[in-house]
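In the working numbering, the protein residues as written are -15 to 252.
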C-alpha cells in the first residue's frame, strides 16, 4: 500500500472518529469507548505506517519539519487512544484528531528540507525519541489545560453550557492535568540529559535556543509541580502556567526547526 493511500486511510478514520466524538459531545449518541478506541486505533495504525515509509531513507531516518510534526501528532493520537480507556479525556479527541489530519496531509503533500539521522547514531536516536514523546505528552497537557481554563471560566461565570456538562468534574480535570505534567517532566528530563551526552556542539548546530527554551519550560513545569504539592496551586494559575510552558517548548522545538530548516539552512 502506498504512502498516499495510507495517508488517505488515516485521514478517513481520523475524520470518522472526530465526527463520532462530536456527536457524543452534542449529546446525540452515547460514548462507546471500545468502538471509539477501535476506530482511533485504525487511524493511528495507518498514520504510523505512512510516517514510517515517509521518514525511512537509504541514509537513515528523516526528521524534517513536516515529518516530525506528523510523528508528534502520531504519538499524541496514540496517547489519547490509550489514555481514553482509563481516564475521561474523550473530548480531547476533538482537538487532537483534526491536528493529526492536518499533519498527515502536510507530511505527504510537502517535501520540505530533510534532516537525516544515520542508523549508527543510537544515542541521538534515543534523544530524539524521548524528545518527541515528551513534546507529545506536554502537547496533550497543553490541550487539557485549555479545557481546564475554559471550564474554570465558565464555572466562575456560573455558566453551565455544553462544555461544562461534557467535561468531568473540575477536580478530575486538574488531577489528569498534573498526571500528564509529571509524566512529561520525567520524559523531558531524560531528553535533556541524553541531549547533553549525544548532541555535539550545540552552537554549531544552531540548537542553543532550543536547549535554553527547553530548560526554561522544564523549570516552569517543575515549579508548577512543586507549587501544586506545597502551596496547592490549581485552577486558572495551573492552566496558565501549563499553557505558557507548552508554548515555550513548542517555540524551542518547532520554532528552532523552522528557523534552521527554512531560514538559516537555505542561506548556508
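Note that the Cβ used here is the ideal one computed from N, Cα and C, for glycine as well. Because the structure is a prediction, the values reported are computed rather than measured.
Terminal residues of the alpha helix (DSSP H) in which residue i lies
i	result
residue 164	154 to 182
residue 131	106 to 140
residue 77	77 to 93
residue 219	219 to 234
residue 12	Residue 12 -> no alpha helix (DSSP H), and no H or E assigned at all.
residue 148	146 to 150
Same chain, Cβ closer than 7 Å to residue i, neighbours up to 5 away in sequence not counted
i	result
residue 252	At residue 252, the pLDDT of 43 sits below 50, so the modelled position is not reliable; the number obtained from the coordinates is stated separately. Here the set comprises nothing.
residue 239	none
residue 164	121, 124, 125, 128
residue 6	78
residue 225	204, 208
Where residue i falls: helix, strand or coil (DSSP)
i	result
residue 252	Because the pLDDT of residue 252 is 43, which lies under 50, any placement of that residue in the model is unreliable, and the question is left without a value.
residue 100	strand
residue 68	coil
residue 198	helix
residue 39	helix
residue 244	helix
Own chain partners of residue i with C-beta closer than 6 Å, once the 5 adjacent residues on each side are dropped
i	result
residue -2	27, 81, 84, 85
residue 201	229, 232, 233
residue 255	Since the first residue of the chain shown is -15 and the last is 252, residue 255 is not available in this structure.
residue 133	223
residue 24	1, 65
residue 68	74
Chain-order list of residues whose beta-carbon lies under 8 Å from that of residue i (same chain, five-residue window excluded)
i	result
residue 130	79, 223, 227
residue 218	158, 212
residue 112	47, 101
residue 140	none
residue 206	169
Check whether residue i and residue j have beta carbons under 8 Å apart
i	j	result
residue 127	residue 135	no
residue 50	residue 91	yes
residue 108	residue 162	no
residue 100	residue 44	yes
residue 110	residue 178	yes
residue 116	residue 55	yes
residue -13	residue 58	no
residue 197	residue 236	yes
residue 75	residue 151	yes
residue 241	residue 52	yes
residue 4	residue 20	yes
8 Å Cβ cutoff, residue i in contact with chain B
i	result
residue 128	The question asks about chain B, but that chain is absent: this structure has only one protein chain.
Inter-stretch contact at 8 Å, needing at least 3 Cβ pairs: the stretch 224 to 234 / the stretch 109 to 123: These segments touch.
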